[in-house]
Structures are given as C-alpha cells and as structure tokens.
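Scroll down for the structure; my scribbles are underneath it.
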Amino acid sequence: MDFFLTVGPECLVLGSVDCYGHLIVSKLDTGGEDIERLTYSVLPRDSGVREGSWAGLSFSPSQWSMAAVAHSFCKSIDIYDQDIHLRTLHTLWYPSSVNFLQNLSHGGESSILAVTEGCQLTLWDSRMKEKGGCLKRICGSPGDIFYAVSGSSTGNIAVGGADRTVTIYDPRRWSALSRWVHCSKYEITGLAFSSVDADYIYIQGVDYEVICGQWEQSNKVFSFRGDSNWLGFSKCSNMDVLGGWCDSGSIFVADVGSV
1 MDFFLTVGPE CLVLGSVDCY GHLIVSKLDT GGEDIERLTY SVLPRDSGVR
51 EGSWAGLSFS PSQWSMAAVA HSFCKSIDIY DQDIHLRTLH TLWYPSSVNF
101 LQNLSHGGES SILAVTEGCQ LTLWDSRMKE KGGCLKRICG SPGDIFYAVS
151 GSSTGNIAVG GADRTVTIYD PRRWSALSRW VHCSKYEITG LAFSSVDADY
201 IYIQGVDYEV ICGQWEQSNK VFSFRGDSNW LGFSKCSNMD VLGGWCDSGS
251 IFVADVGSV
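Everything in the sequence shown is counted per this note's numbering, starting at 1 for the first residue and increasing by one.
Shown next, in the form of structure tokens:
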C-alpha cells in the first residue's frame, strides 16, 4: 500500500492505494477531521481481479484533485480528476515509482509525470496523444533497477535504486547533472528533494536510515533512523516534514525545517 499527503486550499489531502489499485482520497482539516465528508474511492479499472502488486500514487502539485495511480503488474498509470478517470498510460516495463513534476508545464499546470520502470526513467505528458503520451526515455545501466524518483521545485529530477546511487537529471537538456555514487548502504527506495533548499535531498534505503545531503557535492549533512527497517517513507509536498512507517509498526515523523 502507498500513501501520499499533499496540501490543498486550506486543507490536507490524504490518498492511499492498495496493491490492486484501489484509490481512497480524503480531504481533511488541520485537525484531521473530514471536511464536508469529501472522501471518495475509485475501484481499479479491472475491478481488482488481476494479481496484486506494487502500486503507487502521486497528486498534481498545482491541482490537488488530479492524481496518478501506477500499478506494476498491469504496466499502467491511470490519471484521475477526483473519481473521474481521464486516461491510462501504458509503460513498457513494470513501474516502480511515479511523481508529478513541477515547473515543466506551461500555464502553471502540472501534467508531466516522471516514472521509473526497470532501468529507465520515463517522462509522460497526460495531455499528449502522440507516442501514447511518452515524452522521453532515459536508460540507466542495464540490470540496475530504479525504485525511486523525485522532482525538485527547480525542475531537476532525481532517480535511485539497486545501484545505491542517486542521479540528478536536467530534463531541459536530457542529461545528468550529478551522480552521488554509493550514497546509501543498501538499495534506495525513497527520494525527496528539500522544500527549503532544492540543492539538498533526502534518501531512504531499505534499512532503517534516512540521510540528507547536498547532491551536487555528494556531501552527507545528517541522518536519522527508525527502530527497524522502513516499510514506507514520504515527505510533505511543501515543507520538510518527513514521515516513515517501520517494520516494527512504529510511525516516525520528523520536522526537519524546525531543526
């Protein structure tokens, strides 16, 4: 199951998706109460009859009602406006991470998605009909699977995975800006650029540690740990508040911006 927390107009929007692609979204006030009972769910396109697998969720940073749901087994990404299905994007390989990007679309709207599938980073435009919506494919090293992708407020894209390396791409030049080699002890399964300073990035491995560092200089600044291996990791969309769920059942929340 994947969770995603974003900030709507004077509210919080919490979404979750299970291994079959069943999406549940709630609009909450800052006290955690349901606003106007605006909670809705969307069943998967195949009604959940297929095999369960990894599923991911991302909200558009400019339009909280728009969400992308990735389903690995189906090799698909479904785009929704609340509970209305807009489009399905079909990947070549099994998707492992999905993220709406900022500052790549004209008119202030965000329709560009970054997706990791196998050893490739792919960019998609949900409004483009040509090539099935696929804008670009960037291939990593064969056999080194990507598990995480994140977009910064400046437009850069970070990917990481089995090779324990974070690579930063400039999508305007389709080239790598920086590579932080072996920055994690284990496979990288979570990435998030800092909202305070996009030159810094949070990196989560499959163990119990999350590190923060300056990616251009490959310099680790600090780290914090859970009490067991991380099962999930996420960062608030507009502030440096991190949350993680551990194998022990504990949930940790760190307000890095107040440190």
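Glycine included, every Cβ here is placed at the ideal spot set by N, Cα and C. Fair warning: this is a prediction, and the values are worked out from it, not measured in the lab.
| Query | Result |
| --- | --- |
| Nearest-angstrom beta carbon gap, S60 and S110 [assumed within contact, 8 Å] | 5 Å |
| Contact under 8 Å by Cβ, G133 with L191 | no |
| Residue ranges of each beta strand (DSSP E) within the stretch 168-252, 3 or longer | 175-180, 188-193, 200-205, 209-214, 219-225, 230-235, 241-246 |
| Opening and closing residue of the beta strand (DSSP E) in which Q120 lies | 120-125 |
| CA nearest to the CA of A198, picked from G161, D240, L231, N229 | D240 |
| Cross-strand partners of S150 (DSSP beta bridge) | A158 |
| Under the three-state DSSP convention, the category G21 falls into | coil |
| Straight-line gap, I77 to G21 (C-alpha atoms, nearest Å) | 10 Å |
| Short Cβ contact (8 Å threshold) for P171 with G160 | no |
| Spatial neighbours of L101 in its chain, beta-carbon cut-off 6 Å, leaving aside the 5 residues before and after | I112, A114, G151 |
| Span of the beta strand (DSSP E), counted from its first residue to its last, around D81 | 76-81 |
| Separation of L86 from Y147, as counted between CA atoms | 26 Å |
| K129 - DSSP class collapsed to helix/strand/coil | coil |
| Opening and closing residue of the beta strand (DSSP E) in which S96 lies | 95-100 |
| Neighbourhood of V253 by C-beta distance below 6 Å, restricted to the same chain and skipping five residues each side | G243 |
| N- and C-terminal bounds of the beta strand (DSSP E) containing I138 | 134-139 |
| Local Cβ density within 10 Å of C183, reported as buried at 16 or more and exposed below that | buried |
| Boundaries of the beta strand (DSSP E) in which V69 is found, first to last residue | 66-71 |
| Delimiting residues of the beta strand (DSSP E) encompassing E117 | 112-117 |
| CA-to-CA distance, K75 to L92, given in whole angstroms | 7 Å |
| C-beta contact flag for N68 and V17 at 8 Å | According to the sequence as given, residue 68 is Ala; it is not Asn. Cβ atoms of A68 and V17: not closer than 8 Å. |
| C-alpha distance - D144 paired with G118, whole-angstrom precision | 8 Å |
| Unbroken beta strand (DSSP E) run spanning I84, endpoints | 84-90 |
| Cβ neighbours of K136 in the same chain (closer than 8 Å, five flanking residues each side left out) | T122, L123, P171, W174 |
| Cβ-based burial, D163 [other Cβ within 10 Å; buried from 16] | buried |
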